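Q: Take this structure first; my questions come after.
Numbering (full-length UniProt numbering), first residue to last: 1 to 327.
Have a look at this one:
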């Protein structure tokens, strides 16, 4: 009872420990077991009456900018309230505000104007009960040859041993790929100097999408692609219409809902951690092997079904970017 009496008087754990004659660890355990928590109040303030306003301002700073630096918070409190607070003080306020530290995970950039359009697309698509049974999700992606190790092990006495020469131009391979609930298209690996413009894209649709569409759906299916210029050019639209290719409307800046982006992410992880290519030839071979041996019908189905929880998250976040089942 003495411990909790001193706690309610505002004493610190250290002071209570000295008063009662038990260790700080024992005092902290008693407080924790009872479910009590002493409200933090810094001792460094010249005017204690400012503390509630300072806490409110710190909350506003983190609500406005979630990656604000602690030093920035300290400096702003000093400028605005003429009070000195410490890094520890800021961390204690974060705890009281129920803020936790996480590594940032970056989603696609979605401009504010496109956010309601994404929500509208989700609502329309779900309202139509779209099952995506007959849809190929397609896109392009670039793969780079990376060093598979994050670290180098060097002689600790050599301050420059960790500096390793890097290539002037990284080895890079551009691919095109599509997936559906029935399986993938063939992968198209672009040749050096080959870029995807409207003419090239129509050629790829003809040589890689249409055979897969015929194989899996007898040609009765549709293609879903983003709003890249090669996909939306007048030449592309006219050519696909003449070819009888049905295009599914797709909201701008929405790779987070496109299942094929999950394929690219998984492929890049396996290439880096399993295949570990050391040359362009090995990189190309790894891409082909992944599509042949990993990208089965069952795996494609798992990727495609991701779109349903992704759509729910987009709606819940009012069109802001998402990354998967967990926000």
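C-beta: ideal position from N, C-alpha, C; glycine also. Nothing here was measured: the structure is a model prediction, and the numbers come from that model.
Any idea if residue 269 is buried or exposed, counting beta-carbon neighbours within 10 angstroms, 16 or more meaning buried?
A: Position 269 of the chain shown, counted from the start, is the residue given in the question as residue 269. It is exposed - the Cβ of residue 269 has fewer than 16 other Cβ atoms within 10 Å.
Q: Pick helix, strand or coil for residue 158, following the three-state DSSP scheme.
A: For the purposes of this step, residue 158 is taken as the residue at position 158 of the chain shown. Here residue 158 sits in coil by DSSP.
Q: For the region 15 to 32 and the region 64 to 73, state whether three or more C-beta atom pairs, one from each stretch, are separated by less than 8 angstroms.
A: The region 15 to 32, when compared against the region 64 to 73, does not touch it at the 8 angstroms Cβ threshold.
Q: By DSSP's criteria, residue 139 is part of a beta bridge. Which residues make up the other side?
A: The count along the chain shown starts at 1 and reaches residue 139 at position 139. Paired residue(s): 177.
Q: Could you check what DSSP says for residue 144 in three-state terms: helix, strand or coil?
A: For the purposes of this step, residue 144 is taken as residue 144 along the chain shown, with counting starting at 1. Three-state DSSP puts residue 144 in a strand.
Q: In angstroms, rounded to a whole number, what distance separates the CA positions of residue 273 and residue 267?
A: Here residue 273 refers to the residue found at position 273 of the chain shown. Here residue 267 refers to the residue found at position 267 of the chain shown. So the alpha carbons of these two residues sit roughly 10 angstroms apart.
Q: By Cβ distance, which residues of its chain are closer than 7 angstroms to residue 325, with the 5 residues on each side in sequence left out?
A: The residue you call residue 325 lines up with position 325 of the chain shown. Legend: pLDDT at residue 325 = 44, less than 50; position of this residue unreliable, value from coordinates given subsequently. 309.
Q: Rounding to the nearest angstrom, what Cα-Cα distance links residue 327 and residue 19 in this structure?
A: To locate residue 327, count along the chain shown from 1; it is residue 327. To locate residue 19, count along the chain shown from 1; it is residue 19. Caution is warranted here: a pLDDT of 45 is assigned to residue 327, below 50, making its placement in the model unreliable, and the coordinate value is therefore given only provisionally. Cα-Cα distance, rounded: 47 angstroms.
Q: Shortest alpha-carbon distance to residue 180 belongs to which of 207, 195, 137?
A: Translated into the one-based positions of the chain shown, residue 180 becomes position 180. The option with the nearest alpha carbon to residue 180 is 137.
Q: Per the contact definition of three or more C-beta pairs closer than 8 angstroms, is the region 95 to 113 in contact with the region 183 to 190?
A: Flag = no, the region 183 to 190 and the region 95 to 113 do not touch.
Q: Taking the beta strand (DSSP E) that residue 222 falls in, what are its first and last residues?
A: Along the chain shown, one-based indexing puts residue 222 at 222. Unbroken beta strand (DSSP E) run through residue 222: 222 to 224.
Q: For residue 188, which of helix, strand or coil comes out of DSSP?
A: By one-based count along the chain shown, residue 188 stands at place 188. DSSP places residue 188 in strand when its eight states are reduced to three.
Q: Could you pull out every residue in the same chain whose Cβ sits closer than 7 angstroms to the Cβ of residue 320, ignoring the five residues on either side in sequence?
A: Indexing the chain shown from 1 puts residue 320 at position 320. Counting only Cβ-Cβ distances below 7 angstroms, and skipping sequence neighbours, we find 110, 115.
Q: Pull up the distance between the alpha-carbon of residue 153 and that of residue 81, whole angstroms please.
A: Position 153 of the chain shown holds residue 153. Position 81 of the chain shown holds residue 81. For residue 153 and residue 81, the distance between alpha carbons rounds to 49 angstroms.
Q: Excluding sequence positions up to five away, which residues of its chain have a Cβ less than 8 angstroms from the Cβ of residue 311?
A: In the chain shown, counting from the first residue as 1, residue 311 sits at position 311. So the list reads 122, 125, 126, 257, once near-sequence residues are dropped.
Q: From residue 224 to residue 285, what does the alpha carbon distance come to, in whole angstroms?
A: The residue labelled residue 224 in the question sits at position 224 within the chain shown. The residue labelled residue 285 in the question sits at position 285 within the chain shown. Cα-Cα distance, rounded: 27 angstroms.
Q: Throw me the rounded Cβ distance for the residue 74 and residue 42 pair, which I believe falls under 8 angstroms.
A: As a working note, residue 74 is residue 74 in the chain shown. As a working note, residue 42 is residue 42 in the chain shown. Contact check for residue 74 and residue 42: beta-carbon distance about 12 angstroms, past the 8 angstroms limit, so the pair fails to qualify.
Q: Taking the straight line between their C-alpha atoms, what separation do you get for residue 328 and residue 234?
A: Shown here, the chain extends from 1 to 327; a query on residue 328 therefore has no answer.
Q: For residue 129, which of helix, strand or coil comes out of DSSP?
A: As a first step, residue 129 must be located in the chain shown, where it is residue number 129. Note: residue 129 maps to coil in three-state DSSP.
Q: DSSP three-state label for residue 172, please.
A: Within the chain shown, residue 172 is the residue found at index 172, counting from 1. DSSP places residue 172 in strand when its eight states are reduced to three.
Q: Look at the alpha carbon of residue 171 and the alpha carbon of residue 177, and state the distance between them as a whole number of angstroms.
A: Against the chain shown, residue 171 aligns to sequence position 171. Against the chain shown, residue 177 aligns to sequence position 177. Computed Cα separation, rounded: 20 angstroms.
Q: DSSP state of residue 281, grouped into three classes?
A: Within the chain shown, numbered from 1, the residue matching residue 281 stands at position 281. Here DSSP, grouped into helix, strand and coil, assigns residue 281 to helix.
Q: Which of helix, strand or coil does DSSP assign to residue 246?
A: As a position in the chain shown, residue 246 is number 246, starting the count at 1. Residue state, collapsed to three classes: strand.
Q: Secondary structure at residue 49, three-state DSSP: helix, strand or coil?
A: Along the chain shown, read from residue 1 onward, the residue named residue 49 stands at position 49. Correct three-state label for residue 49: helix.
Q: Along the alpha helix (DSSP H) that carries residue 17, what are the first and last residues, could you check?
A: For the purposes of this step, residue 17 is identified with residue 17 of the chain shown, where counting begins at 1. Counted as a single uninterrupted DSSP element, the alpha helix (DSSP H) harbouring residue 17 occupies residues 13 to 20.
Q: Is residue 209 near the ligand MN - that is, is its Cβ less than 8 angstroms away from at least one heavy atom of it?
A: For the ligand MN, the structure offers nothing, since it holds no ligand at all.
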